[in-house]
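Colleague:
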Amino acid sequence: MTRFDAENELLPEVLLAQDVSFTVIPATLALAVLATFRFARRSQTDADGWRHLGATRSVVVAALGLPVVIAVLAGLAGAVVVGWCASGIGPVASARTVQPENHLGLPASVVVAVTAASMLVLFAGVLASALIAARRTMTPGASRPSRIGTLASRISHVPMALGVRSAIGSTGDLALVAGAIAAVAAVVASVIFSTNLSTLVAQPDRFGWPYDAAVVVGFGYGGADRERVAEALDRPEVERWGVAALGNATIEDVTVPIVASRSGFADLPLPLVEGALPTGRDELVLGTGALLSSGLLDTIVSAAEETAGVPAGTFADGSESFVVIDLRDGVDAAAFLASIDDDLGQWSLDGYFPFLHADPVRPAQIADGAAMRSAPVWLAVFISAAMGVGLALAVGLAARNRRRELAVLRTLRATSAQLGATVHWQALTVVGVGLVVGTPVGLLLGTITWRGFAGGLGIADALIVPTLWIGTVVVGAIVLALLASAGPSRYASRVAPSTVLREQ
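Shown next, in the form of structure tokens:
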């Protein structure tokens, strides 16, 4: 945690203000430890046999723990390789100006710290599970089926009943189900967040740019000639336009950027998180900056105008620099600005050619969000892949441990298709429970995450629930279950009763 705190202190204030920081996510380690207990429980029959053959407790512990230790080391090595490959994703947004190229690399201190902590936790779990398994003695009837497993036994469809019992027939089998629930919840939450982020980036009016085009006169310091602007924009392509003043103001000892409404600017309203747009001479709206009414700006500068002995409105009108344009449907913004290019040079009283914006100007936070849109999608892909591999391994191990049961079923004239179907039903049960429980959990997590992110940006959350994508996740999970169980199902359908029963 000390290392994480040190890294967090180096992050920009804008990220920390949005609660973006490094943190420890122990869920993966917890599931890995649960998996070691599951493996040890599955191996208790072998442990009993080794003890009967004279193996000491230390030998049994080593025999149970060594394969898992090797798997842990291989998994950590693979995680480092994947992390190194993923480190080249980025940089994002304005950071590309400073660091335009992608670089692959991982800080040695981070790799050593995270790997050492993970190894310590996982090895402790391996040792504990091996010791427990070595001390226990498997006795007939020791495993008590769950209520769901008991209910499954009453199903008339035999392959389905056996598959359900294999998936959730006892409390020890729930580790895999818990992993499926966590994976589905993470994927659904990632889909919700990514969809809402993509929608936000694609809708500029959501983050404060409800204009088709904009022109910044006098480098934003004022000096727009309103009469020249009105003449140039008196064209059939223009639906409406407005002008505003830009600047800074100190509010309660905090300096913030301000936009002050002037002629026609209020007709192109900005989106509001809450409240109403300012209209009175004493009204403003606060967010990451401040929006002032035209009357409030006049009130603020009137004293300076009186002191200077100039007509009322002189300073306020002289501060106008931001011209916003709403074009009629079908009019291309870039083409329109090009068509009035000869007039633009006369918009500034100082004679400077203005800055043109045919595309929306995204704040730094939105630009960063646009660059990271693919990150939640890749996270969902990685989680789905890990879930598929884990499910295939778990179902394969379960099929191997059920060889005696499958052999007995074969002697009772069960067909190869029925034996294979029990494995498919086992995988479908795990994924089904994961979908039933994990989907609403993912919806809740995705909603909370998105609303927190939107609140940090100062925009309305306007949550979108992507039902089509969630449906795709459901269908994809079912297909994944069938694919993951294809190999184990083929193994189960080929069990030879004579060989298995002779070994047993």
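Following my numbering, the numbering of the sequence shown begins with 1 at its first residue and continues without gaps. Glycine included, every Cβ here is placed at the ideal spot set by N, Cα and C.
(1) Which same chain residues, not among the five before or five after G476, have their C-beta less than 8 Å away from its C-beta?
(2) Got a sec, what are the start and stop residues for the alpha helix (DSSP H) I300 sits in?
(3) Nearest to A244 by CA position, among E237, L270, T255 and D253, is which residue?
(4) Could you tell me which whole alpha helix (DSSP H) segments of length 4 or greater appear in the stretch 348-429?
(5) From the DSSP output, in three-state form, read off R228 for me.
(6) Which of the three DSSP states is assigned to A214 in this structure?
(7) Whole-angstrom Cβ separation of V323 and W241, contact assumed at under 8 Å?
(8) Going by the CB atoms, is the gap between R226 and S198 shorter than 8 Å?
(9) Taking the DSSP output, what are the residues bridged to T199?
(10) Pull up the distance between the alpha-carbon of T314 and that of E305, whole angstroms please.
(11) State the Cα-Cα distance for the pair V164 and V191, rounded to the nearest angstrom.
(12) Per DSSP, what are the beta-bridge partners of G247 in this structure?
(13) Return the chain-ordered list of same chain residues with a C-beta closer than 7 Å to the C-beta of V92, the five sequence neighbours on each side being excluded.
(14) For the alpha helix (DSSP H) holding D343, just list the boundary residues, first then last.
(15) Just to confirm the assignment, what range does the alpha helix (DSSP H) spanning D317 have?
(16) Tell me, please, which residues DSSP counts as bridged to W469.
(17) Relative to the alpha-carbon of L393, which residue among T472, W347, A481 and W450 has its alpha-carbon at the smallest distance?
(18) For A230 and L286, I'd like the C-alpha separation in whole angstroms.
(19) Tell me which residues share the same chain as V473 and place their Cβ nearer than 7 Å to its Cβ, disregarding the 5 neighbours each side in the sequence.
(20) Spatial neighbours of A380 within its chain, please: CB distance less than 7 Å, with the 5 preceding and 5 following residues excluded, ordered by chain position.
(21) Would the stretch 175-183 count as touching the stretch 423-433 if we require 3 or more Cβ pairs under 8 Å?
(22) I'd like the span of the beta strand (DSSP E) that includes V285, first residue to last.
(23) W378: buried (16+ other C-beta within 10 angstroms of its C-beta) or exposed?
(24) Could you check if I470 is buried or exposed, using at least 16 other CB atoms within 10 Å of its CB as the buried criterion?
(25) Can you look up L106 in the DSSP assignment and give me helix, strand or coil?
(26) Spell out a yes or no on whether the stretch 210-220 and the stretch 349-362 are touching, meaning 3 or more CB-CB pairs, one atom from each, closer than 8 Å.
(27) Let me know if D212 comes out buried or exposed under the rule of 16 or more other beta-carbons within 10 Å of its beta-carbon.
(28) Distance, Cα to Cα, R96 vs Q365?
(29) Tell me which same chain residues have a C-beta within less than 7 Å of the C-beta of N196, skipping the five on either side of it?
(30) Could you spell out the range, first to last residue, of the alpha helix (DSSP H) harbouring Y491?
(31) With a threshold of 8 Å, are at least 3 pairs of Cβ atoms found where one atom belongs to the stretch 255-262 and the other to the stretch 289-297?
(32) So, with DSSP's three-state summary, where would you put D326?
(33) Indicate the three-state DSSP secondary structure (helix, strand or coil) for A290 in the structure shown.
(34) Tell me which residues share the same chain as A214 and place their Cβ nearer than 6 Å to its Cβ, disregarding the 5 neighbours each side in the sequence.
(35) What residues are listed by DSSP as bridge partners for R240?
(36) What number of angstroms, rounded off, separates the C-alpha of G247 from the C-alpha of T115?
Modeller: Considering the structure as presented:
(1) Locating residue 476 in the sequence shown gives position 476, counting from the first residue. Within the same chain, G476 has close Cβ partners S384.
(2) For the purposes of this step, residue 300 is taken as residue 300 along the sequence shown, with counting starting at 1. I300 -> alpha helix (DSSP H) spans S294 to A308.
(3) For the purposes of this step, residue 244 is taken as residue 244 along the sequence shown, with counting starting at 1. Here the closest residue by C-alpha is L270.
(4) Qualifying alpha helix (DSSP H) stretches, in chain order: 364-371, 374-401 and 403-411.
(5) For the purposes of this step, residue 228 is taken as residue 228 along the sequence shown, with counting starting at 1. When secondary structure is reduced to three states using DSSP, R228 falls in the helix class.
(6) Taking the sequence shown and counting its residues from 1, one reaches residue 214 at position 214. Residue state for A214 is assigned as strand, using DSSP reduced to three classes.
(7) What you label residue 323 is simply residue 323 of the sequence shown in a count that begins at 1. What you label residue 241 is simply residue 241 of the sequence shown in a count that begins at 1. The Cβ separation is near 7 Å, so the contact holds.
(8) For the purposes of this step, residue 198 is taken as the residue at position 198 of the sequence shown. For the purposes of this step, residue 226 is taken as the residue at position 226 of the sequence shown. A distance of 8 Å or more separates the beta carbons of S198 and R226.
(9) By 1-based counting over the sequence shown, the position of residue 199 is 199. Beta-bridge analysis with DSSP links T199 to no other residue.
(10) Mapped onto the sequence shown, residue 314 falls at position 314. Mapped onto the sequence shown, residue 305 falls at position 305. CA-CA distance, T314 to E305, rounds to 7 Å.
(11) One-based indexing of the sequence shown puts residue 164 at position 164. One-based indexing of the sequence shown puts residue 191 at position 191. Going from the Cα of V164 to the Cα of V191 covers about 29 Å.
(12) Against the sequence shown, residue 247 aligns to sequence position 247. Per DSSP, the beta-bridge partners of G247 are I258.
(13) Residue numbering aside, residue 92 sits at position 92 when the sequence shown is read from its first letter. Reliability of the predicted coordinates at V92 is poor, the pLDDT of 48 falling under 50, and no value is obtained from them.
(14) Translated into positions along the sequence shown, residue 343 becomes position 343. First-last of the alpha helix (DSSP H) with D343: D341 to L344.
(15) As a first step, residue 317 is located in the sequence shown; it is residue number 317 there, counting from the start. Where D317 is concerned, the enclosing alpha helix (DSSP H) starts and stops at T314 to G318.
(16) Taking the first residue of the sequence shown as position 1, residue 469 is located at position 469. According to DSSP, which records beta bridges pairwise, W469 is partnered with nothing at all.
(17) As a position in the sequence shown, residue 393 is number 393, starting the count at 1. The shortest C-alpha to C-alpha distance from L393 to any of T472, W347, A481 and W450 is the one to A481.
(18) To locate residue 230, count along the sequence shown from 1; it is residue 230. To locate residue 286, count along the sequence shown from 1; it is residue 286. Computed Cα separation, rounded: 30 Å.
(19) Within the sequence shown, residue 473 is the residue found at index 473, counting from 1. Here the set comprises V187, V188 and V191.
(20) Along the sequence shown, one-based indexing puts residue 380 at 380. If the five residues before and after A380 are omitted, its C-beta is found closer than 7 Å to the C-beta atoms of V187, S190 and V191, all from its own chain and listed in chain order.
(21) Counting Cβ pairs under 8 Å, three or more are found: they touch.
(22) Against the sequence shown, residue 285 aligns to sequence position 285. It spans L284 to L286 - the beta strand (DSSP E) in which V285 sits, taken as one unbroken run.
(23) Sequence index remark: in the sequence shown, residue 378 carries index 378 (1-based). Flag for W378 reads exposed.
(24) Counting from 1 along the sequence shown, the entry for residue 470 is found at position 470. A residue is called buried once 16 or more other Cβ atoms fall within 10 Å of its Cβ, and I470 is buried on that count.
(25) The residue labelled residue 106 in the question sits at position 106 within the sequence shown. For L106, the three-state secondary structure derived from DSSP is coil.
(26) Touching, yes.
(27) As a first step, residue 212 must be located in the sequence shown, where it is residue number 212. Around the beta-carbon of D212, 16 or more other beta-carbon atoms lie within 10 Å, marking it buried.
(28) On the sequence shown, position 96 is the one that residue 96 refers to. On the sequence shown, position 365 is the one that residue 365 refers to. Note on R96: pLDDT 49, under 50, position unreliable in the model; the coordinate value appears next. About 14 Å.
(29) Taking the first residue of the sequence shown as position 1, residue 196 is located at position 196. So the list reads W450, L463 and I464, once near-sequence residues are dropped.
(30) Looking up residue 491 in the sequence shown gives position 491. Segment A486 to S493, the alpha helix (DSSP H) holding Y491.
(31) Yes: at least three Cβ pairs fall under 8 Å.
(32) As a first step, residue 326 is located in the sequence shown; it is residue number 326 there, counting from the start. Here D326 sits in strand by DSSP.
(33) Numbered from its first residue, the sequence shown carries residue 290 at position 290. Strand, per DSSP.
(34) Residue numbering aside, residue 214 sits at position 214 when the sequence shown is read from its first letter. Excluding its 5 nearest sequence neighbours in each direction, A214 has C-beta neighbours in its own chain below 6 Å: V324 and H357, listed in chain order.
(35) Along the sequence shown, one-based indexing puts residue 240 at 240. Bridge partners of R240: D326.
(36) Locating residue 247 in the sequence shown gives position 247, where the first residue counts as 1. Locating residue 115 in the sequence shown gives position 115, where the first residue counts as 1. In a straight line, the C-alpha of G247 is about 50 Å away from that of T115.
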